[in-house]
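So the sequences go chain by chain: Z and G. Residues 4 to 277 (our numbering) make up the first sequence, in order. Residues 4 to 277 (our numbering) make up the second sequence, in order. The C-beta atom is built at its ideal place from N, Cα and C for all residues, glycine as well.
There are 2 protein chains.
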Amino acid sequence: MGQQTGRTVFFVSDRTGISVETLGRGLLSQFEGMEFNQIALPFIDTEDKARAAVAQINAVAATGERPLVFSTQVRPELGAILKTCQGLYLDFFAAFMGALETELRQVSSHSIGLSHGLHDEQRYDTRIDAVNFALSCDDGIGIQSYAAADVIVVGVSRSGKTPTCLYLAMQYGVRAANYPLTEDDFEHQRLPAALSAHRARLVGLTITPERLQQIRQERRPNSPYAALAQCQYEARQLQTLLAREQIRSLDSTHMSIEEIAASIVHEMGLVRRR
Amino acid sequence: MGQQTGRTVFFVSDRTGISVETLGRGLLSQFEGMEFNQIALPFIDTEDKARAAVAQINAVAATGERPLVFSTQVRPELGAILKTCQGLYLDFFAAFMGALETELRQVSSHSIGLSHGLHDEQRYDTRIDAVNFALSCDDGIGIQSYAAADVIVVGVSRSGKTPTCLYLAMQYGVRAANYPLTEDDFEHQRLPAALSAHRARLVGLTITPERLQQIRQERRPNSPYAALAQCQYEARQLQTLLAREQIRSLDSTHMSIEEIAASIVHEMGLVRRR
Chain Z
4 MGQQTGRTVF
14 FVSDRTGISV
24 ETLGRGLLSQ
34 FEGMEFNQIA
44 LPFIDTEDKA
54 RAAVAQINAV
64 AATGERPLVF
74 STQVRPELGA
84 ILKTCQGLYL
94 DFFAAFMGAL
104 ETELRQVSSH
114 SIGLSHGLHD
124 EQRYDTRIDA
134 VNFALSCDDG
144 IGIQSYAAAD
154 VIVVGVSRSG
164 KTPTCLYLAM
174 QYGVRAANYP
184 LTEDDFEHQR
194 LPAALSAHRA
204 RLVGLTITPE
214 RLQQIRQERR
224 PNSPYAALAQ
234 CQYEARQLQT
244 LLAREQIRSL
254 DSTHMSIEEI
264 AASIVHEMGL
274 VRRR
Chain G
4 MGQQTGRTVF
14 FVSDRTGISV
24 ETLGRGLLSQ
34 FEGMEFNQIA
44 LPFIDTEDKA
54 RAAVAQINAV
64 AATGERPLVF
74 STQVRPELGA
84 ILKTCQGLYL
94 DFFAAFMGAL
104 ETELRQVSSH
114 SIGLSHGLHD
124 EQRYDTRIDA
134 VNFALSCDDG
144 IGIQSYAAAD
154 VIVVGVSRSG
164 KTPTCLYLAM
174 QYGVRAANYP
184 LTEDDFEHQR
194 LPAALSAHRA
204 RLVGLTITPE
214 RLQQIRQERR
224 PNSPYAALAQ
234 CQYEARQLQT
244 LLAREQIRSL
254 DSTHMSIEEI
264 AASIVHEMGL
274 VRRR
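See below:
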């Protein structure tokens, strides 16, 4: 109780709460130096659960500062219950539903299932297929399938290629392969044969030697592989090779996986699959 | 031009646009029977890009119905430009920033980098480690690492275990292993030895035989593996085994990967890692 610092924030959703958490955190990050005690309340999809959420919010309100409550509630009867809480209630859906109903001249259906792609089997299957593709073309394997790839991510070991490809698959349904460039490729300063036929679909992930060293050090402490000189050599050689072969590249050093993936979709003009 | 049906919707963001797309689509899905022509405009982070976005929106407005524009703009000077567009401009950030500034008695910093976890290396590293964990404990391999798992997902082949574990890693930083239950386990109606020591961290993914058949049929058309009788047998045996061993379970049949993952975090009370 007494150890808890900062304002308490609730993220309430009728489904997973992933969007409301992301947007809410984005807003909170604009208040520098403030700390927030964050509590997720996903799957609030019945009146009983909504009343229990209100009780939990009010219990916090009773002990200190008014909690913040970010919400995405589709059903008005649940929104009406949540709105009675003693927190600052901010609903991303309610804020715009009225304006949309007016603009589209149609009353919204207020139905939970509709809003989150439930039963969208095609979307599910496309994403699973893309994940399987990424796994079957990870780290230089499966080059015989490269003709079916939407994009092929290249870079040095530990520059984030695998998670980027998996995220591309899961978020965008994009088929992404990845291939590690190694000293052998750098010595020849030439693309390996497996890649040269697919030049237009290649994207390079670059990274600073310092960050690369930090990541490798975590993985294999004090190995030659993690030595700064080695990381400097590989990072520099990669840059030279990408420039020489005119391969598009992204600096992944300060980006999250989501940002690297979204940048690739954007820069390469990839079409998301349904 | 003439082939395009429905209202055009723009998703504008200073960063990836993933949240604004998800929330915007959630809102639009409430308008049943309507079709929308969706255009993503991510990385609108300079005044020039904002003006180009306005021009693109206005070009659509000039040819037909007023477009809808969902936005998350942190910097007021960019928001001011975007707001001049001839679409219905709806900004998820602007809608609440004022209320938050009043409540928190602090002016927000209006800085793009802050809002999206840029430079959050610890979060990045945790997620990469969790992805590596999922890959090293996929499909029954890596059982010697199960002691380090936050959760172990069990189920029949093609019930969504691998993508679920990868999503748990990427979204929540959770270490998730997965283990396929097979006919051998069903015949004995007993957990395999590798799992029985970790009972409290097990969760079963169930699925209807019809949906399982549909997925397997895609993968290996007309194989014995995809036969309805086989899928019925496995689905029923799994249910019996999970009940007998008192393993928590989730029906994944009508859920997206995001929903399965969020449900597991919620039901198992998993702590997200930073």
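G/V154 is bridged by DSSP to G/A179.
Close partners of G/T165 in chain Z (Cβ separation under 9 Å): I131, V134, N135, L138. In the DSSP annotation of this structure, Z/L273 is not part of any alpha helix (DSSP H), being labelled neither H nor E. Minimum Cα-Cα distance from G/Q33 among the listed residues Z/L81, Z/K86, Z/Q249, Z/L107 corresponds to Z/L107.
Annotation: Z/P212 to Z/L231 spans about 7 Å, alpha carbon to alpha carbon.
Taking a Cβ-Cβ cut-off of 8 Å, the neighbours of Z/A102 in chain G comprise L91, L93, given in sequence order. Cα atoms of Z/Q216 and Z/R223: separation of roughly 10 Å, rounded to the nearest angstrom. For Z/F99, the enclosing alpha helix (DSSP H) starts and ends at 95-107. Just measuring C-alpha positions, the residue of Z/D188, Z/E35, Z/E24 sitting nearest Z/I42 is Z/E24. The DSSP-derived three-state label of Z/D187 is helix. In the structure shown, G/S139 falls within a helical segment according to DSSP collapsed to helix, strand and coil.
Taken through DSSP and simplified to helix, strand or coil, Z/A230 comes out as coil. In chain order, Q33 make up the part of chain Z whose C-beta sits under 7 Å from the C-beta of G/V77. For Z/E261, the chain G residues whose C-beta falls within less than 7 Å of its own C-beta are T19, I21, listed in chain order.
By DSSP's assignment, G/S74 forms a beta bridge with G/V15, G/D94.
For the C-beta of G/S111, the chain Z residues within less than 7 Å are, from N- to C-terminus, Q33, F34.
Under the three-state reduction of DSSP, Z/V110 is assigned to coil, being neither helix nor strand. Distance from G/V156 to G/L184 at the Cβ level is roughly 11 Å; contact not present, criterion being Cβ atoms closer than 8 Å. Contact with chain Z is found for G/M37, since one of that chain's Cβ atoms lies less than 8 Å from the residue's Cβ.
With its beta carbon at least 8 Å from every one in chain G, Z/F14 lies outside the interface. Note that the C-beta distance between G/Y170 and G/A264 is below 8 Å. Approximately 7 Å separates the beta-carbon atoms of G/E50 and G/E80; this is inside 8 Å, confirming the contact. Around Z/I146, the same chain offers A197 as residues with beta carbons nearer than 7 Å, after the five sequence neighbours per side are excluded.
Looking only at Z/Y149, Z/R277, Z/I84, Z/P70, the smallest Cα-Cα distance to Z/A55 is reached by Z/I84. Taking 8 Å as the cut-off, the beta carbon of Z/L44 is found no closer than this to the beta carbon of Z/R69. In the DSSP assignment, Z/N40 falls outside any alpha helix (DSSP H) and lies within the beta strand (DSSP E) extending over 39-44. Contact annotation: in the segment 167-182 of chain G, residues whose CB is within less than 7 Å of a CB in chain Z are L169, Y170, M173, Q174.
Distance from the CA of Z/V15 to the CA of Z/R275, rounded to the nearest whole angstrom, comes to 29 Å. Closer than 8 Å to the CB of Z/H269 there is at least one CB belonging to chain G. Going by DSSP, Z/V159 is part of no beta strand (DSSP E) at all; its letter is neither H nor E. Residues are counted here when their Cβ sits less than 9 Å from a Cβ of chain Z; for the segment 183-211 of chain G the count is zero. Counting C-beta atoms within 10 angstroms of its own C-beta, G/M37 has fewer than 16 neighbours from the protein chains shown and is therefore classed as exposed.
Contact between G/V159 and G/E270 is ruled out by a C-beta separation of about 20 Å, above the 8 Å threshold. For G/T25, the residues of chain Z that pass the 7 Å Cβ criterion are S22, in the order they occur in the chain. Counted as a single uninterrupted DSSP element, the stretch harbouring G/S22 is not any beta strand (DSSP E) but the alpha helix (DSSP H) occupying residues 21-31. Taking 8 Å as the CB threshold, Z/P45 lines the interface with chain G.
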